[in-house]
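Everything below concerns the one structure shown next.
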Amino acid sequence: MYRTKLKIKVCLVVLCFFLFSGTQRSPVYAQEPQPFSQSILGGISAQPRFVYLNGQEESLLLPTTSGLYLIKDGRVISHLLPGKEVSFAVVVPDLDSDGARDLVISVRDGLLPNVYGVSSKTGQIFWWFSPEELSFFNTFGWFQSQPDIRGILPPVTKDDQYIYVTSGNTLYKIWVADGSVVWEHREQEAIVSSARILDVDGDKEEDVCIANQSGEIIALGAQSGKELWSQKNRIGFFVWRDEGNDKTKVFSNGKNVLTVRANGRIDVYNSIDGKSVWKKDFSKEKPGPVSDLESQFVGNIDGDEFPDIILTSEQTKKVFCLNGKTGDIKWEFNLSGSGKKILTTAQETKEKKTLFILNPVSSNAQNFILLDMKNGKVIQEGISPLGYDESVSGSHFVATDHLGRILTAGFAPEVCLLDDGMKYRIWSITRLFDAGFIKVSTASQESLLLFSSGKKNGENKIALIRKISQDGRILWEYGLEQSLLNMFEGITKIKTGADYDKDGINDIVGALSPSGTSAPAKIIALSGSTGNILWITDLLLSEEVKSLLQFDDISGDGVPEIMVGTSYHFFVLDGAGGKMINNWPHYNLKEKTYFEPTKGLAENVILLPSVDLNKDGLRDIFVISPQEIRLGLTNKLKGIDFYTKDLYKLAQGEYDLEQARLISDLDQDGCPELVLKKKTGDKNTDLQIISGANGRQMISLTGVNPILESAGVDFNHSGTKDVFYYDQTGNTGGVLKILEGNNGNVIWTYPGFNGNNAFQDYKNIPGCVLDDLNGDSIPEFAVLKNTSSGMGLVIDVFDVAGGWEQPYKTLVLQQDSAGKMTRSWSAGYSLTKIQYENKPYLAAVGRVGGKDAGTKLILFDYRQEVTAAVYPVSSKKFSLYREGLIAEDFQGKVSLLSFPKTDSNVKIVNQSNASPIQLQWQNNNKFVRTQIFVDNLLALETKNEKAALELSEGEHSIGVAQYSLDGKYEYHTFKVTVVKNRMVQYVLFGITALFFLFVIFIPYLIRRRMKAGANHV
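In our numbering, the protein residues as written are -15 to 1001.
So, in structure tokens, the structure goes:
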């Protein structure tokens, strides 16, 4: 009886546990996973290769961080997948029957790594493959991960229709005709290398061999994908790990399989059965072990049936060749000098087999050596004609074409092909990098100017200007040749000028300042419609152009002129033809005629535009020196001349002229004010606002890195526009104040930011003015609250008229971690109000941690309090452009972001709001990917049309974003209130009831029946 009562109590406890406890352990996953001209952009992202795409015409495949370039005879013939960082590119058979072999390209594209089948002629994308794996991480829980592409094995012959893609723990066999998966093989460890080997299983197709992160080697059948043999380092679940196994490389060595580990071990196995043939261990070599062994060449050097191996070690500065049959060292070569990097490429022609070695030793020299592969003897050595610029970002590579000529990529600001003796250049192409944008707006059109910079001795120089249409097309481009880039400081002081050629399109003007040469400075005007040079004017001396201003029409031809200030002179140039109308030497040159506003000033002077203060019909200028500020007032009595008016003089210290700028008119006198930063010699910075009309000091303050910006609003009705002041104050956040523009008196101080490392972009105010939200005719003020890890992203909105003590409302963009995914916004950067189609939004830029780490841009509808879009790009600068945003990231890369469409077809399939939430949609575009955000954090990314989200109880914001390759963007947002999923509990209750019935109640009845029968007897 006691046992029966005990069983009943235990069952009741179990039943209560299942009824009142949650079982939220389902994974977050995507359901039903299916397998110019003469310049290039970006760093070199992978090994360049010379290939044959069309008959016997050799082309260069050049992978970069901005797409894949096809180069022939030194000219760019095609730019594929622009803006994408290319990791691998292989040649495949002709997919579109246009007579040219096509390409399979893998890219690093945000979270989702992609493999594309692409036409080599047109760039058309035939198919798209994205590998996915279900993974578990303590910080994320279960989720559908997208591991990086680690390698692509190309087809063996021109007619071979298959490639092998390595991604994460999986090897995929892909049919190149449509990108479909033939089979896949998954390892417990990440696969780090793969190679084609001999036909092991006799199916007349070369098989494949892989190496995983533990150093295990597995041979797989090409047709079946089944394991043929393996060399594993495990006993049961125990894995023997060696340092360097994660950098194992596997090669086909004729009849054998060769593996090279970075820790100095070389193993050779028989291709047929996987048995060991020979081993070599350099990890115990003297005088020191080899820990960076790297294979450079596997090929038949001596003519036997076993290809030999050439290896290098940068640590020991050695190059050596091993006999492919025995593993014995055939020859060894010691490098001299202090070079930190060894790059090699094989020169295989009909006449010779040599090994080219490039060993950069300094910024001015790269040693090169040509070795005979047969015996390791030096054929030629010398110094490369190219320098080695360590400031140039990206990896460094060398390659050879079919003639044995040497390609160097990544060492200098150009990609060069040199002769096989490294004596002269065959051709070179300038490497450029994204450098931002300006928007060109006129009454009739809107367009963009994108800038790209070249690098010289670590300095960025604008070398390319491209004009972009409203639909993203390149209208024209103007680029500096490498010789001009070497002679000048690039194109500086770029401005949108007037319509100099009177074709209805505003033109572009810029300056060329000499760089260590005696060449005179130049001013260049470009046609806004074609990019052609309208005129180019040489100035008098080799001097730096410090100021370039759009001026007024003096000559009476209806075209405004251009004002130029250099280190020694001031010029007025005719806008129509560039002719020099007048020039004045600096006063300190002691000429008979000089520029009056600079009398007695130092040579270092800049000009900023003012308004027409003396009412003579010509605008005046500000003249700023390190210690004085003056007005240069125009005088038309003698054609054009200037007289001066003193505004302000520093008692001590100097102004930083590079930081001098204008701010909008604060005191309502019709003249802009000046913002000046003073050098103090310590860690603090002094900022001043000086009246542009009379030189009165309006505001003066000191801070660590203070920012002053006009609010554009008179919050306290003082008669002047107020000013935002922000400064970083150590590790506890920053200080944000609103000051009276007339005198700097503090109107309001933000109560404080929470957390560390608040706003790391020191050029932006973490707040902005909104429109009137409560009907009192006074705009509200929004602050992007500082966040610490796990705290989220919050915006406080303050009602100016109602008082500053507490926020009028708080907008929560992301409050805490979403469910099992312990990720959150960790810092805010900037907050900007934008207006699109008469609807206001807040653009919040911040940093998120975790798998989706990086800076993101959220477009937030603050009236409806919903997210309108989440853009996976960083944005230090952005602007409205056509039907979207133009954004510039912290590296200068520019993205065109379309505003989201509202006619989304996303549906919630669940009849109830129980977790997991089932979502379904339709991909209207063949090449589209979907990102799903939970509380503005990325939960998953997929190509499918279904998804399931496991969410915690409570209200959540769900965002579904769809990106297509043609740049279209859709975003649908909705809120869900998740309740406990009772279905699982009901099922468990039923199981418990059955357990209670069959294990306790029925045996109890049987025992009673038996007892009653016994009593009856």
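By construction, the Cβ of each residue, glycine as well, lies at the ideal position given by its N, Cα and C atoms.
query, result
"For residue 990, the three-state DSSP class (helix, strand or coil)", "helix"
"Contact set for residue 874: own chain, Cβ-Cβ below 6 Å, skip 5 residues either direction", "858 and 860"
"Distance between residue 460 and residue 855 (C-alpha atoms, nearest Å)", "28 Å"
"Every unbroken beta strand (DSSP E) within the region 576 to 608, with a cutoff of 3 residues, ordered by chain", "590 to 593 and 605 to 608"
"Cβ of residue 514 within 8 Å of any chain E Cβ", "The chain labelled as chain E is not found in the depicted structure, where only one protein chain is given."
"Candidates 613, 650 and 629: closest to residue 639 by CA position", "613"
"6 Å CB neighbourhood of residue 508 in its chain, flanking five on each side removed", "494 and 520"
"Other residues of its chain near residue 730: CB distance less than 7 Å, five sequence neighbours each side excluded", "721 and 723"
"Identity of the residue in 642, 704 and 624 nearest residue 655 by Cα", "704"
"Integer Cβ distance of residue 711 from residue 687, believed to fall under 8 Å", "4 Å"
"DSSP state of residue 642 mapped onto helix, strand, coil", "helix"
"C-beta contact flag for residue 877 and residue 418 at 8 Å", "yes"
"Contact set for residue 209: own chain, Cβ-Cβ below 6 Å, skip 5 residues either direction", "167 and 169"
"Collapsed DSSP secondary structure at residue 563 in the structure displayed", "coil"
"Residue burial classification, residue 140 (beta-carbon count within 10 angstroms, cutoff 16)", "exposed"
"Span of the alpha helix (DSSP H), counted from its first residue to its last, around residue 471", "466 to 471"
"CB contact flag (residue 931, residue 884, <8 Å)", "no"
"Where residue 457 falls, given that 16 or more other Cβ within 10 Å makes a residue buried", "exposed"
"CB contact flag (residue 201, residue 192, <8 Å)", "no"
"Residue 976, DSSP secondary structure in three states", "helix"
"Contacts around residue 437, its chain only, beta-carbon distance under 7 Å, and the 5 residues preceding and following it disregarded", "416, 417, 419, 444, 445, 446, 447 and 474"
"Which listed residue (172, 145 and 177) has its alpha carbon closest to that of residue 189", "145"
"First through last residue of the beta strand (DSSP E) which encompasses residue 215", "211 to 215"
"Residue 222 burial status per 10 Å Cβ neighbour count (16 or more: buried)", "With a pLDDT of only 41 at residue 222, under the threshold of 50, the placement of this residue in the model should not be trusted; the figure read from the coordinates follows. Exposed is the call here."
"As assigned by DSSP and simplified to three states, the class of residue 20", "At residue 20, the pLDDT of 47 sits below 50, so the modelled position is not reliable; the number obtained from the coordinates is stated separately. Coil, per DSSP."
"Per DSSP, the bridge partner or partners of residue 1076", "The chain is shown only over -15 to 1001; residue 1076 falls outside these bounds and no answer can be derived."
"Cβ pair count under 8 Å reaching 3, the region 685 to 702 against the region 656 to 676", "yes"
"Cβ neighbours of residue 864 in the same chain (closer than 7 Å, five flanking residues each side left out)", "818 and 820"
"Identified DSSP bridge partners for residue 47", "52"
"Three-state class that DSSP yields for residue 231 in the structure shown", "helix"
"Own chain, CB closer than 6 Å to residue 303, minus 5 neighbours either side, in chain order", "296 and 317"
"Collapsed DSSP secondary structure at residue 619 in the structure displayed", "strand"
"Whole beta strand (DSSP E) elements within the region 65 to 153, 3-residue minimum", "69 to 76, 86 to 92, 98 to 102, 109 to 113, 117 to 121, 125 to 129, 133 to 137 and 146 to 151"
"Reference residue 153, options 584, 117 and 637, closest by Cα", "117"
"Sequence ranges, alpha helix (DSSP H) only - wholly within the region 896 to 930, length at least 4", "none"
"Through-space distance from residue 912 to residue 653, alpha-carbon basis", "54 Å"
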